[in-house]
Amino acid sequence: MLRIGMLTSGGDCQALNAAMRGVVKGVCSKRDDVEIYGFQDGYKGLIYGNFEMLSSKEFSGILTRGGTILGTSRQPFKLMRVPDENGLDKVEAMKHTYHKLCLDCIVILGGNGTHKTANLLREEGLNVITLPKTIDNDLWGTDMTFGFQSAVDIATDTIDRIHTTATSHSRVFIVEVMGHKVGHVTLHAGIAGGADVILLPEIPYDIEVIVEVIQKRSEAGKAFTIIAVAEGAISKEDAKLKKKEYKEKLVNRTYPSIAYELAEQIRERTDKEVRITVPGHTQRGGSPCPYDRVFATRMGAAASQLILKKEYGYMLGDKNGNTIKMPLQDVAGKLKYVDPDCGLIKEAKMIGISFGC
Ligand code: F6P
Numbered sequence: 040m041l042r043i044g045m046l047t048s049g050g051d052c053q054a055l056n057a058a059m060r061g062v063v064k065g066v067c068s069k070r071d072d073v074e075i076y077g078f079q080d081g082y083k084g085l086i087y088g089n090f091e092m093l094s095s096k097e098f099s100g101i102l103t104r105g106g107t108i109l110g111t112s113r114q115p116f117k118l119m120r121v122p123d124e125n126g127l128d129k130v131e132a133m134k135h136t137y138h139k140l141c142l143d144c145i146v147i148l149g150g151n152g153t154h155k156t157a158n159l160l161r162e163e164g165l166n167v168i169t170l171p172k173t174i175d176n177d178l179w180g181t182d183m184t185f186g187f188q189s190a191v192d193i194a195t196d197t198i199d200r201i202h203t204t205a206t207s208h209s210r211v212f213i214v215e216v217m218g219h220k221v222g223h224v225t226l227h228a229g230i231a232g233g234a235d236v237i238l239l240p241e242i243p244y245d246i247e248v249i250v251e252v253i254q255k256r257s258e259a260g261k262a263f264t265i266i267a268v269a270e271g272a273i274s275k276e277d278a279k280l281k282k283k284e285y286k287e288k289l290v291n292r293t294y295p296s297i298a299y300e301l302a303e304q305i306r307e308r309t310d311k312e313v314r315i316t317v318p319g320h321t322q323r324g325g326s327p328c329p330y331d332r333v334f335a336t337r338m339g340a341a342a343s344q345l346i347l348k349k350e351y352g353y354m355l356g357d358k359n360g361n362t363i364k365m366p367l368q369d370v371a372g373k374l375k376y377v378d379p380d381c382g383l384i385k386e387a388k389m390i391g392i393s394f395g396c
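First residue of the sequence shown? That's 40 in the numbering used here, and the numbers climb one at a time after it.
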């Protein structure tokens with residue numbers, strides 16, 4: 040008997056179901072004696088023993104379905120070694136559930152925080168295989184994560200829609216894009232949507248440069264300006280603050296998010312009306328785009344082969360279009376940032392896109 044545990048952890052994204060379907064189809068096409076234990080709501084299910092035994096049938100027909108059939112939740116890594124409100128040792132509880140069910144391995148789908156805990160479980164002796172999911176595409180060791188392209192599509196669609204209304208008004212439009220501490224989604228959606236200014240966490244912005252872009256466009260007869268700003272974008276001044284000082288500033292910030300702060304700064308310096316659009320969680324919603332369906336299927340299929348070969352302790356990923364496996368200890372806790380000197384940024388600059396610097 041082959042007993043596989045499976046869980047999805049952290050913020051959801053498109054193609055989680057497609058990836059799990061890939062794992063199950065891959066394994067079940069080679070073995071008949073498979074039991075699949077789906078843990079509910081991420082690590083919570085593993086900690087508290089909330090699981091369902093699923094048949095391979097339950098993984099059919101879910102290729103195109105958004106969200107996750109298992110449910111998910113955020114269980115911060117830094118609290119994993121802290122007992123819960125009833126004094127329960129979460130790590131011991133996870134190990135207990137795993138051993139009680141006599142699992143051969145557990146497949147974990149998640150982003151950065153999830154990978155730190157997955158690596159901790161590996162260190163504790165569990166057989167772990169992980170799949171790279173997150174709209175942010177910020178997992179170190181892989182060129183791509185599933186969810187990213189779908190989120191880029193949605194953010195691009197938002198900018199496209201703003202474009203038509205922007206051309207009717209002499210306004211500045213700010214579209215705030217998700218991505219946590221990195222700017223991959225904003226960079227791609229900004230270029231795809233034809234934004235005039237793209238602001239990323241990796242390139243601190245100078246408000247005076249942004250104002251200059253708006254004014255120059257006005258002088259050139261282009262009455263509107265579209266700014267794609269990453270939710271984690273940061274000004275030149277704030278980038279000089281110590282980490283702790285910046286965190287305090289964010290806690291005390293009177294604006295709901297960076298787009299609102301930016302809008303205020305632009306209003307103070309220009310005669311332009313400014314409008315803000317925050318697509319928020321729509322970027323994680325709906326059906327996965329075809330790219331993500333294919334990529335997640337590839338990752339799932341590759342995971343099934345590792346399971347069959349009993350090769351554990353890896354994250355699956357992609358390098359230059361090839362499926363790769365990376366040791367979990369090399370991946371956990373590392374972020375993949377946008378390289379400010381990368382070709383894409385250079386090319387965007389060549390066609391006049393400003394990065395506010
Ligand atoms: O990590 C994915 C992500 O969507 C980030 O882009 C965003 O900052 C965060 O999750 C939002 O998290 P939550 O769904 O917990 O509000």
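Glycine is no exception: its CB is placed at the ideal position from the N, C-alpha and C atoms.
Owing to the predicted nature of the structure, the values given are computational and were not obtained by experimental measurement.
- Counting only runs of at least 4 residues, the segment 76–127 fully encloses the following alpha helix (DSSP H) elements, listed from N- to C-terminal order: 82–87.
- Between Ser343 and Val73, the C-beta gap is not smaller than 8 Å, which leaves the two residues out of contact.
- Taken in chain order, the complete beta strand (DSSP E) segments of 3 residues or longer contained in the segment 308–393 are 312–316, 353–358, 361–366.
- The continuous stretches of alpha helix (DSSP H) do not include Thr169, which lies in the beta strand (DSSP E) extending over residues 167–171.
- Per DSSP, the unbroken alpha helix (DSSP H) holding Gly65 starts and ends at 55–67.
- With a cutoff of 7 Å, Ile297 does not count as near the ligand F6P, since its C-beta is closer than that to no heavy atom of the ligand.
- When secondary structure is reduced to three states using DSSP, Ser274 falls in the strand class.
- Comparing alpha carbon positions, the residue from Ile201, Ile213, Asn176 closest to Val191 is Asn176.
- Given a length threshold of 3 residues, each whole run of the beta strand (DSSP E) inside the segment 197–243 is given here in chain order: 210–216, 236–238.
- Apart from the 5 residues on each side of it in sequence, Ile168 sits with its Cβ closer than 7 Å to the Cβ of Cys144, Val146, Ala342, Leu345, Ile346, Tyr351, Tyr353 in its chain, given in chain order.
- About 19 Å separates the beta carbons of Gly232 and Asp331, which is beyond the 8 Å limit, so they are not a contact pair.
- Following the DSSP letters along the chain, one finds Arg42 in no alpha helix (DSSP H) but inside the beta strand (DSSP E) bounded by residues 41–47.
- Distances from the alpha-carbon of Ser99 to those of Ile43, Ser68, Gly391 put Ser68 closest.
- Assignment of Gly152 by DSSP, reduced to helix, strand and coil, places it in the helix class.
- Secondary structure note for Thr136: its alpha helix (DSSP H) is the uninterrupted segment 129–139.
- The beta-bridge partner set that DSSP reports for Cys144 consists of Ile43.
- Between the ligand F6P and Ile174, a heavy atom-to-CB distance of less than 7 Å is present.
- In summary, Cys141 is exposed, with fewer than 16 beta-carbon neighbours lying within 10 Å of its beta-carbon over all protein chains present.
- Linking Gly391 to Gly84 through their CA atoms gives a straight-line distance of about 49 Å.
- Cβ neighbours of Ile246 within its own chain (closer than 6 Å, five residues either side excluded): Gln304.
- The DSSP-derived three-state label of Glu303 is helix.
- With a cutoff of 8 Å on beta-carbon distance, Ala57 and Leu102 are scored as near each other.
- Per DSSP, Ile249 is one residue of the alpha helix (DSSP H) stretching across 246–258.
- One alpha carbon belongs to Gly105, the other to Ala54, and they sit about 6 Å apart.
- Leu280 and Val121 have their C-alpha atoms some 30 Å from each other.
- In the DSSP assignment, the residues bridged to Ile266 are Ile213, Val236.
- Contact holds between the segment 150–158 and the segment 359–374, because three or more Cβ pairs, one in each stretch, are under 8 Å apart.
- Under a 10 Å Cβ-count criterion, Ser207 is classified as exposed, with fewer than 16 other Cβ atoms of the shown protein chains found around its own Cβ.
- The beta carbon of Val313 lies closer than 7 Å to those of Arg210, Val211, Ile213, Ala302, Ile305, Arg306 in the same chain, with the five residues before and after it left out.
- In summary, Glu270 is buried, with 16 or more beta-carbon neighbours lying within 10 Å of its beta-carbon over all protein chains present.
- Assignment of Glu163 by DSSP, reduced to helix, strand and coil, places it in the coil class.
- Residue state for Leu280 is assigned as coil, using DSSP reduced to three classes.
- The Cβ atoms of His223 and Val377 sit closer than 8 Å to each other.
- By the CB criterion at 8 Å, Val248 and Ser112 fall outside the cutoff.
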